[in-house]
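At position 47 of the sequence shown the residue is numbered 46 (numbering that gives the first Met the number 0), and the sequence of numbers has no breaks.
For each residue, glycine too, the CB sits at the ideal point set by N, CA and C.
Computed from a predicted model, the values in this text were never measured in an experiment.
Working notes for the structure below.
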Amino acid sequence: MPRVLIVHYSRTGHTARLAKVLADEIRRRGYEVDTEAIRVKRDRNKWLLPLPLLPLLPLLPVYLMSAQFRRVWHRVYHQPEQAIRPLAIPDVSAYDLVLLGTPKWLYLSFPVARWLKAASGLQGRRVAPFATFCGPPLKVFELEMLFEPLESRLRTRGATVVDRLAVSSNYHPYFFFGEMERLFRFISRKAFKRPLADFTLDGEVGKIELQRFCDTVCPK
Ligand SMILES: Cc1cc2nc3c(=O)[nH]c(=O)nc-3n(C[C@H](O)[C@H](O)[C@H](O)COP(=O)(O)O)c2cc1C
């Protein structure tokens with residue numbers, strides 16, 4: 000029976016929920032599933048967390064407009080990392096497939112960036128990243144900004160990326176009165192003519208995406 004490992008980091012529970020739904024669905028399909036929740040050594044203050052991400056903000060318009068700039072930026076930007084606790088499954092080579100889950104912290108989350116260095120056995124593995132973020136699946140700002148750096152790191156470790164899954168959490172920890180959620184709900188209506196809720200795990204598009212992802216990585 001094919002063995003699947005689902006690894007994830009989650010700070011506020013949304014990626015953890017997605018990891019659980021994936022584990023349940025993949026087990027239901029007859030696969031053997033192990034799970035690992037990445038835990039940080041010390042949680043960082045929510046307001047200090049985005050500081051190392053600020054250098055992109057003044058350049059964001061150029062980033063969004065120029066594919067060439069994005070290619071260069073993804074090669075040179077500083078990816079912050081965060082110390083993680085010892086892993087229960089530090090060597091993933093026993094698995095046929097690894098699903099790696101992260102919240103989007105502009106790029107990949109800091110603890111997942113560290114996991115990519117700490118875990119061994121990625122060489123030759125089939126890997127599929129999955130993620131939650133607040134917004135709808137905007138091609139550049141959400142999908143490319145997260146998955147390009149994440150997948151290029153996976154490929155550098157010798158993994159083959161077989162698919163990706165992105166689900167909106169419709170949740171953002173900043174700022175005080177749900178300003179970011181409101182902004183992303185507005186963008187969702189403008190860009191996709193759909194409410195942001197459609198792209199969540201409980202929404203129409205989110206549910207279809209989840210099934211599509213599972214059909215690709217763990218066919219029935
Ligand atoms: C430092 C930081 C940066 C974030 N950047 C983005 C972003 O670029 N786009 C987005 O839609 N959400 C962003 N978010 C929101 C999270 O991706 C979202 O709330 C996610 O679902 C949280 O997952 P979790 O509950 O598993 O931690 C950011 C959150 C943090 C803490």
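Check, Outcome
"Shortest alpha-carbon distance to Y173 belongs to which of V139, A93, F183, A165?", "F183"
"Enumerate in chain order the residues of its own chain whose CB-to-CB distance from E143 is below 7 Å, with the five nearest sequence positions on each side excluded.", "R69"
"By alpha-carbon positions, which one of E180, R113, P218 ends up nearest to K40?", "R113"
"Span of the alpha helix (DSSP H) holding E143?", "E143 -> no alpha helix (DSSP H), and no H or E assigned at all."
"Could you tell me whether the Cβ atoms of E180 and N169 are closer together than 8 Å?", "yes"
"Classify T159 as buried or exposed, calling it buried when 16 or more other Cβ atoms lie within 10 Å of its own Cβ.", "exposed"
"Taking C-alpha atoms, which residue in P57, C213, E31 lies nearest to V161?", "C213"
"What does DSSP give as the partner residue(s) for A36 in the beta ladder?", "H7"
"Quick check: the segment 88-95 against the segment 112-132, are there 3 or more CB pairs under 8 Å?", "yes"
"Sort L50, L98, D95 by Cα distance to E80 and report the nearest one.", "L50"
"In the DSSP output, which residue or residues are listed as bridge partners for P128?", "L99"
"As a quick exercise: from R163, L52, R38, pick the residue whose alpha carbon is nearest that of F117.", "Per the sequence shown, the amino acid found at residue 117 is Ala instead of Phe. Ranking the options by Cα distance to A117, first place goes to R38."
"The beta strand (DSSP E) with L164 in it runs from where to where?", "164-167"
"Apart from the five residues on each side of it in sequence, which residues of its chain come closer than 8 Å, Cβ to Cβ, to L153?", "L99, L115, L121, V126, P128, V160"
"Going by DSSP, what residues sit across from T159 in a beta bridge?", "R125"
"Does the beta carbon of T131 fall short of 7 Å from some heavy atom of ligand 1?", "yes"
"Could you check whether the Cβ of G12 sits closer than 7 Å to any heavy atom belonging to ligand 1?", "yes"
"Quickly, what does DSSP pair I83 with across the bridge? List them, please.", "V39"
"How about W46: is its Cβ closer than 7 Å to a heavy atom in ligand 1?", "no"
"Alpha carbon to alpha carbon, how far is L200 from R26? Give it in angstroms, no decimals.", "18 Å"
"What is the rounded straight-line gap between the Cα of K192 and the Cα of L137?", "13 Å"
"Give the range of the alpha helix (DSSP H) segment to which S187 is assigned.", "178-191"
"Give the range of the alpha helix (DSSP H) segment to which L59 is assigned.", "59-64"
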